[in-house]
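A.B. asks:
Number of protein chains: 2
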Amino acid sequence: MANLKDIAKETGLGLGTVSRALSGAPRVSPATRRRVEEVAERLGYRSNGLARALRRSQTNVIGLVIPDMENEFYTSGAAILQGVLASQGYRLLLGCNNSDPETDRELLASLVEQRVDGIAHTPCDPDGSRVAREMSPGMPVVEYARRSALDTVDSVTGDEQQGSAQIVAHLAALGHTRIAMVSGPPGLSTTVARVAGFEEACRRLRLRKRDCPQLSGRYDAEWGSDAVLRILRDHPEVTAVYASSSRIVLGVLETLRRAGVSVPGQMSVAGFLNPQWFRIAGPPLTTYELPLREMGDMAAQLLLQRLGEEDAAQRHAPRAVRFEGRLVVRESTAAPRTAPLPRSVASGA
Amino acid sequence: MANLKDIAKETGLGLGTVSRALSGAPRVSPATRRRVEEVAERLGYRSNGLARALRRSQTNVIGLVIPDMENEFYTSGAAILQGVLASQGYRLLLGCNNSDPETDRELLASLVEQRVDGIAHTPCDPDGSRVAREMSPGMPVVEYARRSALDTVDSVTGDEQQGSAQIVAHLAALGHTRIAMVSGPPGLSTTVARVAGFEEACRRLRLRKRDCPQLSGRYDAEWGSDAVLRILRDHPEVTAVYASSSRIVLGVLETLRRAGVSVPGQMSVAGFLNPQWFRIAGPPLTTYELPLREMGDMAAQLLLQRLGEEDAAQRHAPRAVRFEGRLVVRESTAAPRTAPLPRSVASGA
DNA sequence: ATGAAAGCGCTAACAT
DNA sequence: ATGTTAGCGCTTTCAT
Numbered sequence: 002m003a004n005l006k007d008i009a010k011e012t013g014l015g016l017g018t019v020s021r022a023l024s025g026a027p028r029v030s031p032a033t034r035r036r037v038e039e040v041a042e043r044l045g046y047r048s049n050g051l052a053r054a055l056r057r058s059q060t061n062v063i064g065l066v067i068p069d070m071e072n073e074f075y076t077s078g079a080a081i082l083q084g085v086l087a088s089q090g091y092r093l094l095l096g097c098n099n100s101d102p103e104t105d106r107e108l109l110a111s112l113v114e115q116r117v118d119g120i121a122h123t124p125c126d127p128d129g130s131r132v133a134r135e136m137s138p139g140m141p142v143v144e145y146a147r148r149s150a151l152d153t154v155d156s157v158t159g160d161e162q163q164g165s166a167q168i169v170a171h172l173a174a175l176g177h178t179r180i181a182m183v184s185g186p187p188g189l190s191t192t193v194a195r196v197a198g199f200e201e202a203c204r205r206l207r208l209r210k211r212d213c214p215q216l217s218g219r220y221d222a223e224w225g226s227d228a229v230l231r232i233l234r235d236h237p238e239v240t241a242v243y244a245s246s247s248r249i250v251l252g253v254l255e256t257l258r259r260a261g262v263s264v265p266g267q268m269s270v271a272g273f274l275n276p277q278w279f280r281i282a283g284p285p286l287t288t289y290e291l292p293l294r295e296m297g298d299m300a301a302q303l304l305l306q307r308l309g310e311e312d313a314a315q316r317h318a319p320r321a322v323r324f325e326g327r328l329v330v331r332e333s334t335a336a337p338r339t340a341p342l343p344r345s346v347a348s349g350a
Numbered sequence: 002m003a004n005l006k007d008i009a010k011e012t013g014l015g016l017g018t019v020s021r022a023l024s025g026a027p028r029v030s031p032a033t034r035r036r037v038e039e040v041a042e043r044l045g046y047r048s049n050g051l052a053r054a055l056r057r058s059q060t061n062v063i064g065l066v067i068p069d070m071e072n073e074f075y076t077s078g079a080a081i082l083q084g085v086l087a088s089q090g091y092r093l094l095l096g097c098n099n100s101d102p103e104t105d106r107e108l109l110a111s112l113v114e115q116r117v118d119g120i121a122h123t124p125c126d127p128d129g130s131r132v133a134r135e136m137s138p139g140m141p142v143v144e145y146a147r148r149s150a151l152d153t154v155d156s157v158t159g160d161e162q163q164g165s166a167q168i169v170a171h172l173a174a175l176g177h178t179r180i181a182m183v184s185g186p187p188g189l190s191t192t193v194a195r196v197a198g199f200e201e202a203c204r205r206l207r208l209r210k211r212d213c214p215q216l217s218g219r220y221d222a223e224w225g226s227d228a229v230l231r232i233l234r235d236h237p238e239v240t241a242v243y244a245s246s247s248r249i250v251l252g253v254l255e256t257l258r259r260a261g262v263s264v265p266g267q268m269s270v271a272g273f274l275n276p277q278w279f280r281i282a283g284p285p286l287t288t289y290e291l292p293l294r295e296m297g298d299m300a301a302q303l304l305l306q307r308l309g310e311e312d313a314a315q316r317h318a319p320r321a322v323r324f325e326g327r328l329v330v331r332e333s334t335a336a337p338r339t340a341p342l343p344r345s346v347a348s349g350a
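These protein sequence lines map, in sequence, to chains A and B. Our numbering applies: residue 2 is where the first sequence begins, and numbers increase by one. Our numbering applies: residue 2 is where the second sequence begins, and numbers increase by one.
Written out as structure tokens, the structure is:
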């Protein structure tokens, strides 16, 4: 592939002039510029981004690490981030850590090696983005959706705790006193916050702790299935299930349907977050919605601001932005059933 | 950040030795290697991927361009691709063209400039990956899900035409003779194939053309909404709607629900492809499922093979792999209604 | 086993 | 306005 030197040779110009002509720098005569462009075109010249990046110490690439490519919460966030950053000339180098801290660290290390200009990251343990910070202290980093214990990076999160509490309050207002929560991996900041919200609300509303079981597991549909089966078996008096993730609620709903438990007639179900398909689930799901668009925008803005900071001197303090969401009431929640579930259900028959 | 030179200086060794020690090359004494590693560790050395890539003309980055980050079909495909490629040491540079040919071209150009080692691409017009081919003739390219008119690149697609035909056959077998199809952007290879399958099946099953309207639009929920409203108004005798995309069917379902049309009682609905949430939609959706996992794997394999081809000489002919799917019958399709829809529905009251 | 040196393609500083 | 030159940090001959 043709390079600057080829063009210089072909036009008889110097390397520098050609470079300036092509990069739109001033102090190049219009005639020369045209000539260079013409030859570049003819030779099929393509600037070598690697060489440029190496020379300028700037790649115009942002690293993005998310835990799950099949969860619309993260992919939508990625889409928004991508849109904003692309408009500023940045590309996205994408990694997926599958909620595994080991993978996560490797991914971050790899991004640093690639010399990305900044990192957006959904950490999967309290150690969070430490690797990135240590390896490259000046690198702009924003944690998205989840926070680690690190307080030296920017972060954008939702008010998970309040969200959980609102779900419980809504359920309680409908008359439920026995509410089960199915949550994701213990240890994740989101799980911790959502569980905290759940427990706080239960306490405040004077629900008995043993009436409100809380099951932590994974962020996927299979866990939702498992968990709801356990609830049916071990806590047959529960009248409402709050599944604190869209993937979990998928399993919950499917298994309930399969078990012949009607929603919300025999069991109320609430989700968390608000992917498009919640609107047409059977039945449409009550949930707590976070302002995804704003959150993605904010993450991009924080990154962009850091990117604009020339040196350590003008670096501002880390910012942790938390967004409130809102309760969306749909058809999956209603007053508790009056009759107990048939025995066959609990036994899995 | 520390570099090889720093380590060389610190250890008193030569640049080359340090490089070899760190890259695990042979012919370095164990003692030296350990010493170098120790110093590298102490200095917080991180290899500069840019410099390496520049020197070796190999980035270990694969470019991925998809049309829509919020469509699980593509993000799941991306996830699979990412998984396979990561295991071979490749990273993913992600772009989203939003089904806009202009953006698409820019994205491809940008990937070439970044000197990615290969490209996986869902084209959005017949020109497809031409830009990439022209700019960098030897670059491995695989078109995923959609094919362009280019026959010099590998491609992995589903048998969309047969899928469409199977959906229609299923509907006809249930007794439907008036079936509407709502499809995506005209011009996309997927739309063309899906519509062709629809029309072919209608012909074969002797359904009258004017009883089976076909509406092309976009791949999103809003278009599904629009289209189904039009169908209700202009073709009130239609008893089944085939929405050839998961995003379209979302709008169709939601709008039918809102209009008070029961599914499948008053209207059968079929989708296309099989995101997880189809299982718990209200009602669970009949659809044509493509083997996503296999398709993603295949795309990765094709890329990996090309990556392994040393020179133009051993390059093999382009391969177009097409995968068959299977009909998944769920609860959204049933025998046609016997009574006409109430007038109020067609008028949008 | 190690060192020296060339060069990947580019930009930026300096000279003219 | 244009030419020249020195690297960016690395790998890879080629010597030793």
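Where a beta carbon is used, it is the ideal one built from N, C-alpha and C, also for glycine.
CA-CA distance, B/Gly-78 and A/Tyr-46?
C.D. replies: Looking at the two C-alpha atoms, the distance is approximately 33 angstroms.
A.B. asks: Can you name the residues of chain A whose CB is closer than 7 angstroms to the CB of B/Thr-76?
C.D. replies: The answer, in chain order, is Met-70, Glu-71 and Thr-76.
A.B. asks: With DSSP as the reference, please indicate the residues paired to A/His-122 in a beta bridge.
C.D. replies: Its beta-bridge partners are A/Val-66 and A/Glu-144.
A.B. asks: In the structure shown, what three-state DSSP assignment does B/Leu-108 receive?
C.D. replies: Note: B/Leu-108 maps to helix in three-state DSSP.
A.B. asks: Select from the region 121-135 of chain B all residues with a C-beta closer than 7 angstroms to any C-beta belonging to chain A, and list them in chain order.
C.D. replies: Listed by position, the residues of the region 121-135 of chain B near chain A (Cβ gap below 7 angstroms) amount to none.
A.B. asks: Taking only three categories from DSSP, how would you classify B/Cys-203?
C.D. replies: Helix, per DSSP.
A.B. asks: Anything in the region 284-298 of chain A with a Cβ closer than 8 angstroms to a Cβ of chain B? List those residues in chain order, please.
C.D. replies: Hits within the stretch, in order: Pro-284 and Pro-285.
A.B. asks: Interface residues of chain B around A/Ser-111 at Cβ under 7 angstroms?
C.D. replies: Result: Arg-92.
A.B. asks: In three-state DSSP terms, what is A/Gly-78?
C.D. replies: Three-state result, A/Gly-78: helix.
A.B. asks: What three-state label does DSSP hand B/Thr-191 in the structure shown?
C.D. replies: B/Thr-191: helix per DSSP, three-state reduction.
A.B. asks: Could you name the residues of the same chain whose beta carbon sits closer than 7 angstroms to that of B/Ala-41, not counting the 5 residues immediately before and after it, in chain order?
C.D. replies: Only Ile-8 and Leu-23 meet the Cβ criterion.
A.B. asks: Count the CB pairs spanning the region 120-127 of chain A and the region 123-130 of chain B that are closer than 8 angstroms, and state whether there are at least three.
C.D. replies: Verdict: no, contact absent.
A.B. asks: Assign B/His-171 to buried or exposed, taking buried as 16 or more other Cβ atoms, counted over all protein chains shown, within 10 Å of its Cβ.
C.D. replies: So B/His-171 counts as buried.
A.B. asks: Could you tell me whether any Cβ in chain A is nearer than 7 angstroms to the Cβ of B/Ile-180?
C.D. replies: Answer no: the Cβ-Cβ gap between B/Ile-180 and chain A never drops below 7 angstroms.
A.B. asks: May I ask you to verify whether the region 137-157 of chain A touches the region 188-201 of chain A, counting CB pairs closer than 8 angstroms and requiring at least 3?
C.D. replies: Yes: the two stretches touch, three or more of their Cβ pairs being nearer than 8 angstroms.
A.B. asks: Take the Cβ of B/Ser-137 as the centre, count every other Cβ of all protein chains shown within 10 Å, and call the residue buried at 16 or more, exposed below.
C.D. replies: B/Ser-137 comes out buried.
A.B. asks: For a contact meaning CB atoms closer than 8 angstroms, what does B/Arg-47 contact in chain A?
C.D. replies: Going along chain A in sequence order, the residues near B/Arg-47 (Cβ under 8 angstroms) are Ala-110, Val-113, Glu-114, Met-136 and Ser-137.
A.B. asks: Can you pull the chain B residues whose beta carbon is under 7 angstroms from the beta carbon of A/Trp-224, in chain order?
C.D. replies: Simply none; closest approach about 13 angstroms.
A.B. asks: So B/Asn-72 packs on B/Ser-247, CB below 8 angstroms; how close in whole Å?
C.D. replies: Indeed, because the Cβ distance is near 7 angstroms, the residues count as touching under 8 angstroms.
A.B. asks: Quick one: residues in its chain with C-beta nearer than 6 angstroms to the C-beta of A/Pro-337, no 5 flanking neighbours on either side, listed in chain order?
C.D. replies: Around A/Pro-337: Gly-176, His-177 and Thr-240.
A.B. asks: Count the CB pairs spanning the region 200-210 of chain A and the region 276-286 of chain A that are closer than 8 angstroms, and state whether there are at least three.
C.D. replies: No: the two stretches stay apart, fewer than three of their Cβ pairs being nearer than 8 angstroms.
A.B. asks: Checking contacts by CB at 7 angstroms: is A/Gln-59 closer than that to chain B?
C.D. replies: No, no contact with chain B.
A.B. asks: Please say whether A/Glu-290 and A/Arg-327 have beta carbons closer to each other than 7 angstroms?
C.D. replies: In this structure, A/Glu-290 lies closer than 7 angstroms to A/Arg-327 by Cβ.
A.B. asks: I'd like to know whether the C-beta of B/Ile-249 is nearer than 7 angstroms to at least one C-beta of chain A.
C.D. replies: Chain A contact via Cβ: absent.
A.B. asks: Comparing C-alpha positions only, which one of A/Ala-260, A/Gly-96 and A/Asp-105 sits nearest to B/Leu-86?
C.D. replies: For the residues A/Ala-260, A/Gly-96 and A/Asp-105, the minimum Cα distance to B/Leu-86 belongs to A/Gly-96.
A.B. asks: What do you get for B/Ala-321, buried or exposed, if any count of 16 or more other CB atoms within 10 angstroms of its CB means buried?
C.D. replies: Exposed, because fewer than 16 other Cβ atoms sit within 10 Å of the Cβ of B/Ala-321.
A.B. asks: Taking B/Ala-300 as the query, report the chain A residues whose CB atoms sit under 9 angstroms from its CB, ordered along the chain.
C.D. replies: None at all; the shortest Cβ gap to chain A is about 15 angstroms.
A.B. asks: Does the beta-carbon of A/Leu-82 have 16 or more other beta-carbons within 10 angstroms, so that it is buried, or is it exposed?
C.D. replies: Buried, since its Cβ has 16 or more Cβ neighbours within 10 Å.
A.B. asks: What is the rounded straight-line gap between the Cα of B/Ser-156 and the Cα of B/Gly-119?
C.D. replies: Cα to Cα, the separation comes out at about 13 angstroms.
A.B. asks: Measure from the alpha carbon of B/Thr-256 to the alpha carbon of each residue in B/Ser-226, B/Thr-33, B/Ile-180 and B/Ala-244, then state which is nearest.
C.D. replies: Taking only the C-alpha atoms, the option nearest B/Thr-256 is B/Ser-226.
A.B. asks: Starting from the Cα of B/Val-154, find the closest Cα among B/Val-169, B/Glu-135, B/Ala-166 and B/Gln-163 and give me that residue.
C.D. replies: When only C-alpha atoms are compared, the closest one is B/Glu-135.
A.B. asks: My assumption, with CB atoms under 8 angstroms, is that A/Pro-284 sits in contact with A/Val-264. Please give the rounded CB distance.
C.D. replies: The pair is a contact, with the Cβ atoms about 6 angstroms apart (cut-off 8 angstroms).
A.B. asks: Identify the contact partners of A/Arg-147 in chain B, using a Cβ-Cβ distance below 9 angstroms as the criterion.
C.D. replies: The contacting residues do not exist; A/Arg-147 stays about 19 angstroms from chain B at best.
A.B. asks: Check the Cβ of A/Ala-52 against every Cβ in chain B and list those closer than 7 angstroms, keeping chain order.
C.D. replies: The contacting residues are Leu-55.
A.B. asks: Which residues in the same chain have their Cβ closer than 6 angstroms to the Cβ of B/Gln-162, if we skip the five residues on either side of it in sequence?
C.D. replies: So the list reads Ala-194, Ala-197 and Gly-198, once near-sequence residues are dropped.
A.B. asks: When DSSP labels each residue in this structure, what does A/Arg-294 get in the three-state scheme?
C.D. replies: Helix at A/Arg-294.
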